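2 protein chains.
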Amino acid sequence: MDIQQLASELKTQNDSKIVMLVADGLGGLPREPGGPTELEAANTPNLDALARRGVSGSMYPIARGITPGSGPGHLGLFGYDPVKYLIGRGALEATGIGFALGPNDVAIRCNFCTLDAEGNITDRRAGRIPTEESAPLAIKLREVKIPGVEVFVEPVKEHRFVVVFRGEGLGDDVGDTDPQRTGVPPLDPEPGDRPSEKTVEVARQFIEQARRLLADQPKANGLTMRGFSAKPDIATYKEVYGVRAAAIAVYPMYRGLAQLVGMEIVGEPSTLEEEIDVLEKAWADYDFFFVHFKYTDSRGEDGDFDAKVKMIEQFDTIIPRVDALKPTVLLVTGDHSTPAKLASHSWHSVPTLLLADDSRGDTCEVFGETEALKGALGHFPAVELMPLALAHAGRLGKFGA
Amino acid sequence: MDIQQLASELKTQNDSKIVMLVADGLGGLPREPGGPTELEAANTPNLDALARRGVSGSMYPIARGITPGSGPGHLGLFGYDPVKYLIGRGALEATGIGFALGPNDVAIRCNFCTLDAEGNITDRRAGRIPTEESAPLAIKLREVKIPGVEVFVEPVKEHRFVVVFRGEGLGDDVGDTDPQRTGVPPLDPEPGDRPSEKTVEVARQFIEQARRLLADQPKANGLTMRGFSAKPDIATYKEVYGVRAAAIAVYPMYRGLAQLVGMEIVGEPSTLEEEIDVLEKAWADYDFFFVHFKYTDSRGEDGDFDAKVKMIEQFDTIIPRVDALKPTVLLVTGDHSTPAKLASHSWHSVPTLLLADDSRGDTCEVFGETEALKGALGHFPAVELMPLALAHAGRLGKFGA
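Going line by line, the protein sequences match chains A and B.
Each residue of the first sequence is one higher than the one before, starting from 1 at the first, in the numbering used here.
Each residue of the second sequence is one higher than the one before, starting from 402 at the first, in the numbering used here.
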């Protein structure tokens, strides 16, 4: 029994409200040794005030040294062991473009490629065909019809698109058809188990019809398929924690990840201010609110320290509006670190803050990586954040008598 | 292999002495934000001196956010994973009144109830019959005789009593007979597996004979049975750690919990001073001493901050007597927090102290929740306390070559 199962068994109901504010890629690194991180360099009077009122901690997303992608990073925050609940590549790609996967779906990441007259691959990415050219081709592939199976085709970007097969009994243990080199034809899809034989049959039909539809294309006259995967079998927030959960996010990827755990997607915000508008309007209707802010991660990925500082300062400005709602528990955290110095996700811990009437208090005076090291929450894995939040919200009963 | 199994494999013998002082429900919360907890408010010169000489840490009983009952709280302190070793409700009730469960026992929590002429329950608690009336009735039920099985009946309080069946091959997977409502008869006990069919047969005979013995009672003319459970299958302190362990406690519940892990119950103390008398007298005869102080928890449960402070100050006064015995390792901790603010057990960490010649030292100046956050022991789960104690006592060998 893991901590999530234990928390689930102990769940109780009340009228508390929990808000989880996620600044994507929040954690950072000093530009130079001894200097401040992005968060420490930023002027964040509101977050610092929360740090004095609440408790801080240093949260590692998966385990020390492990750098998470967005999927595992968020699953951990949501309290699902990211090593146990794996999201297949195809499912993540579909989720990332906002496609709501159902229980009978198998999602596949596809690439357009260029084939020569013998059917051998000459370019695995169809000359990195621009999206303006590839998107109409993906949409054209919606003409594919396969008896007994619904077929969805969604453009992604450049040579990439997503295919979803929907039907009873489709397995997802199917080998990739990308041979990872040129001069050879795409591989035949191979089933790894019995239910996947049906999926392979469907995939072969798809490939055959697609080849006909693409036959006259100069660049994108073929395709490869990778990462066949079903929707992961994950219990919902309602089932696990007994809360009505709302997700407020601008980007499809994070709306999709929240949807995978059964959160309801609320509103169509396009800025952080609009996200808080949505939060205020939905306040009465949910028990738990996941609010996602993307740009701390984006500017970290750009390697732009100063721009990430500015995004953190923007994030800080909305804190009073959230605080004014008087959530029973307010969490401020990130799904991982994205130090501008590395211009990528990293394994470093994420400064995390919990504000609740029944927290014990610590000596942290500001919200930052170094200060969080001495916080009352200690150094802890992301999967323990939800149990902590539920406990402080009075939503967990006693274990044993 | 969990940490306890690892410690067990590495155990060695020497003539060290370990004392574990447990102030039940020790951890607390500030009355007002920013204020001191009960322990921080208390005048504890002796504990503070220990904190300066030893090392501190912030211990969570089970996992972050999880509030333990007394059973799991103590199992954790004793080094047994409380999520793995579950104590059934009947077994805990029997343990709580000091009944020493054996390996062939099944313990059951019973309620007297009131039945009407049709055998339907009119009051599930027999009008909350006072103990003076119910205890003689429980004792009267000792007249029940069932071939091949020993039957024990023990009064508890008001409508509650405990029944223990002792016999070969009795399963404990039996459904409750309390229908949880009135106007219907008690349920028939139902077996969940094969060995429990025998237990059900015994339970039916018990119910039938008991009904006859209680037939002329105005209130308590029936009974219900809940929480059928065997003694949990737990290796003893001697087996696991190789120590002769003594338990010194005033309350039956804690004597019982210690007995579940094979500690010997020493003395019949009724005050903390008397507990230390017992400790001094038994000093030569054991390697490990569990000393339990109840009233820190009781006053926390009462919601009485000042009274809990006083109990902590009383606890502090006995420290010099324990210190004078020069234990190789002295532990001071609690089984969980019981903040007066919440008037109940809570999930908050427990300040914990270890004093030993071979501890490394830290910067803690007083014994308290906030100070312990920066201690050398870090933030750690209760199950790691025993390995730490054994190591500092020189009782754990090297792992691997």
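Positions of the beta carbon are idealized from the N, C-alpha and C atoms, including for glycine.
Note that the structure is predicted; figures quoted are calculated from it, not measured.
Go ahead and pull the three-state DSSP assignment for aspartate 105 (chain A). Counting from one through the first sequence, the residue named residue 105 (chain A) turns up at place 105. Aspartate 105 (chain A) falls in the strand class under three-state DSSP.
Does arginine 401 (chain B) pass the burial test, meaning 16 or more other C-beta atoms within 10 Å, or should it be called exposed? There is no way to answer for residue 401 (chain B), as the model of chain B reaches only from 402 to 802.
Counting only runs of 3+ residues fully inside the segment 526-603 of chain B, write out the beta strand (DSSP E) ranges in chain order. 551-558 and 561-567
Drop a sphere of 10 angstroms on the beta-carbon of lysine 485 (chain B), count the other beta-carbons inside from all chains shown, and report buried for 16 or more, exposed for fewer. By 1-based counting over the second sequence, the position of residue 485 (chain B) is 84. Exposed, because fewer than 16 other Cβ atoms sit within 10 Å of the Cβ of lysine 485 (chain B).
Using a Cβ cut-off of 7 angstroms, pull out every chain A residue sitting near threonine 578 (chain B), in sequence order please. Counting from 1 along the second sequence, the entry for residue 578 (chain B) is found at position 177. Within 7 angstroms Cβ-Cβ: nothing; threonine 578 (chain B) doesn't reach chain A, min ~19 angstroms.
When you compare each of A:Leu342, A:Ile234 and A:Trp283 to arginine 321 (chain A) by their alpha carbons, which one comes out closest? On the first sequence, residue 321 (chain A) is found 321 positions in, with the first residue counted as 1. If we check each option's Cα against that of arginine 321 (chain A), A:Trp283 comes out closest.
First and last residue of the uninterrupted beta strand (DSSP E) at valine 423 (chain B): Taking the first residue of the second sequence as position 1, residue 423 (chain B) is located at position 22. Start and end: 419-424.
Roughly how many angstroms lie between the CA atoms of threonine 771 (chain B) and leucine 325 (chain A), to the nearest whole one? Counted from its first residue, the second sequence places residue 771 (chain B) at position 370. Counted from its first residue, the first sequence places residue 325 (chain A) at position 325. Distance between the alpha carbons of threonine 771 (chain B) and leucine 325 (chain A): 29 angstroms.
Leucine 396 (chain A): contacting residues in chain B (beta-carbon distance under 9 angstroms): Against the first sequence, residue 396 (chain A) aligns to sequence position 396. Here the neighbours are Gly466, Ile467, Thr468 and Trp748.
Within chain A, the residues that glycine 435 (chain B) reaches when beta carbons sit closer than 8 angstroms: Residue 435 (chain B) sits at position 34 when you count from the first residue of the second sequence. Within chain A, the residues near glycine 435 (chain B) are Gly361.
The segment 56-69 of chain A touching the segment 333-351 of chain A, judged by at least three CB pairs closer than 8 angstroms: yes
What does tyrosine 461 (chain B) pair with, by DSSP beta-bridge criteria? Within the second sequence, residue 461 (chain B) is the residue found at index 60, counting from 1. Per DSSP, B:Pro782.
Work out the CA separation of glycine 303 (chain A) and glutamate 32 (chain A) for me, nearest whole Å. Here residue 32 (chain A) is taken as the residue at index 32 of the first sequence, counted from 1. Here residue 303 (chain A) is taken as the residue at index 303 of the first sequence, counted from 1. Taking the straight line from one Cα to the other gives about 14 angstroms.
My assumption, with CB atoms under 8 angstroms, is that isoleucine 498 (chain B) sits in contact with glutamate 555 (chain B). Please give the rounded CB distance. Within the second sequence, the letter at position 97 stands for residue 498 (chain B). Within the second sequence, the letter at position 154 stands for residue 555 (chain B). That pair is a contact at about 6 angstroms.
Cα separation between serine 535 (chain B) and valine 563 (chain B)? Taking the second sequence and counting its residues from 1, one reaches residue 535 (chain B) at position 134. Taking the second sequence and counting its residues from 1, one reaches residue 563 (chain B) at position 162. Distance between the alpha carbons of serine 535 (chain B) and valine 563 (chain B) is about 12 angstroms.
Hey, quick one: how far does the alpha helix (DSSP H) through valine 723 (chain B) stretch, first residue to last? If you number the second sequence from 1, residue 723 (chain B) lands on position 322. That run of the alpha helix (DSSP H) goes 720-725.
Pick from B:Val767, B:Asp759, B:Asn415 and B:Leu680: whose alpha carbon is nearest that of aspartate 724 (chain B)? Taking the second sequence and counting its residues from 1, one reaches residue 724 (chain B) at position 323. Of the listed residues, the one whose Cα sits closest to aspartate 724 (chain B) is B:Leu680.
Quick one: does glutamate 133 (chain A) have its CB under 8 angstroms from some CB of chain B? Here the question's residue 133 (chain A) lines up with position 133 in the first sequence. Output row for glutamate 133 (chain A): interface = no.
Partner residues on chain B for leucine 213 (chain A), Cβ-Cβ distance less than 7 angstroms: Here residue 213 (chain A) corresponds to residue number 213 of the first sequence, with the count starting at 1. Result: empty, since nearest Cβ-Cβ is about 54 angstroms, beyond 7 angstroms.
Below-8 angstroms beta-carbon distance, valine 379 (chain A) vs any chain B residue: Counting from 1 along the first sequence, the entry for residue 379 (chain A) is found at position 379. Reading the sequence as shown, one finds histidine at residue 379 (chain A) and not valine. It does: the Cβ of histidine 379 (chain A) has a partner Cβ on chain B nearer than 8 angstroms.
Taking beta-carbon pairs under 8 angstroms, can you tell me which members of the segment 451-465 of chain B lie near chain A? Ser459, Ile463, Ala464 and Arg465
May I ask you to report which of helix, strand or coil DSSP gives threonine 637 (chain B)? Residue mapping note: residue 637 (chain B) aligns to position 236 of the second sequence, counting from 1. Residue state, collapsed to three classes: coil.
Per DSSP, lysine 412 (chain B) is paired with what? Counting from one through the second sequence, the residue named residue 412 (chain B) turns up at place 11. Per DSSP, B:Leu797.
Can you tell me the Cα-Cα spacing of serine 630 (chain B) and isoleucine 509 (chain B), whole angstroms? Locating residue 630 (chain B) in the second sequence gives position 229, counting from the first residue. Locating residue 509 (chain B) in the second sequence gives position 108, counting from the first residue. Using only the alpha carbons, I get a separation of about 7 angstroms.
Quick one: which unbroken alpha helix (DSSP H) runs of 4-plus residues sit fully inside the segment 258-326 of chain A? Chain order, please. 272-282, 295-301, 305-317 and 319-324
Once you ignore the five residues that flank aspartate 277 (chain A) on each side, which residues in its own chain have a CB closer than 6 angstroms to its CB? Translated into the one-based positions of the first sequence, residue 277 (chain A) becomes position 277. Closer than 6 angstroms at the Cβ level, and outside the excluded window around aspartate 277 (chain A), lies no residue.
Opposite methionine 225 (chain A) in the DSSP bridges: which residues? Along the first sequence, read from residue 1 onward, the residue named residue 225 (chain A) stands at position 225. A:Cys110, per the DSSP bridge assignment.
For glycine 436 (chain B), count neighbouring C-beta atoms within 10 Å of its own C-beta (all shown protein chains included) and say buried if the count is 16 or more, exposed if not. What you label residue 436 (chain B) is simply residue 35 of the second sequence in a count that begins at 1. Per the 10 Å Cβ criterion, exposed.
Kindly identify the DSSP beta-bridge partner or partners of glycine 428 (chain B). Against the second sequence, residue 428 (chain B) aligns to sequence position 27. The partner list for glycine 428 (chain B) (beta bridge, DSSP) reads B:Ser738.
Burial state of arginine 543 (chain B) (16 or more Cβ within 10 Å): Taking the second sequence and counting its residues from 1, the one referred to as residue 543 (chain B) is at position 142. Exposed, by the Cβ-count rule.
Same chain, Cβ closer than 7 angstroms to alanine 501 (chain B), neighbours up to 5 away in sequence not counted: Counting from 1 along the second sequence, the entry for residue 501 (chain B) is found at position 100. Excluding positions up to five away in sequence, the list reads Gln660.
Below 7 angstroms, is the gap between the Cβ of glycine 334 (chain A) and the nearest heavy atom of the ligand FAD? The ligand FAD is not among the ligands present in this structure, which contains no ligands whatsoever.
Using a Cβ-Cβ cut-off of 8 angstroms, state whether glycine 400 (chain A) counts as contacting chain B. Taking the first sequence and counting its residues from 1, one reaches residue 400 (chain A) at position 400. It does; some Cβ of chain B falls within 8 angstroms.
Segment contact flag, the segment 286-294 of chain A with the segment 226-245 of chain A, C-beta cutoff 8 angstroms, min 3 pairs: yes
Interface residues of chain B facing proline 195 (chain A) [CB-CB closer than 7 angstroms]: The residue labelled residue 195 (chain A) in the question sits at position 195 within the first sequence. Per Cβ cutoff of 7 angstroms: no residues; proline 195 (chain A) is ~33 angstroms from chain B at best.
Are any of the Cβ atoms in chain B nearer than 8 angstroms to that of aspartate 358 (chain A)? Within the first sequence, residue 358 (chain A) is the residue found at index 358, counting from 1. Yes, its Cβ sits closer than 8 angstroms to a Cβ of chain B.
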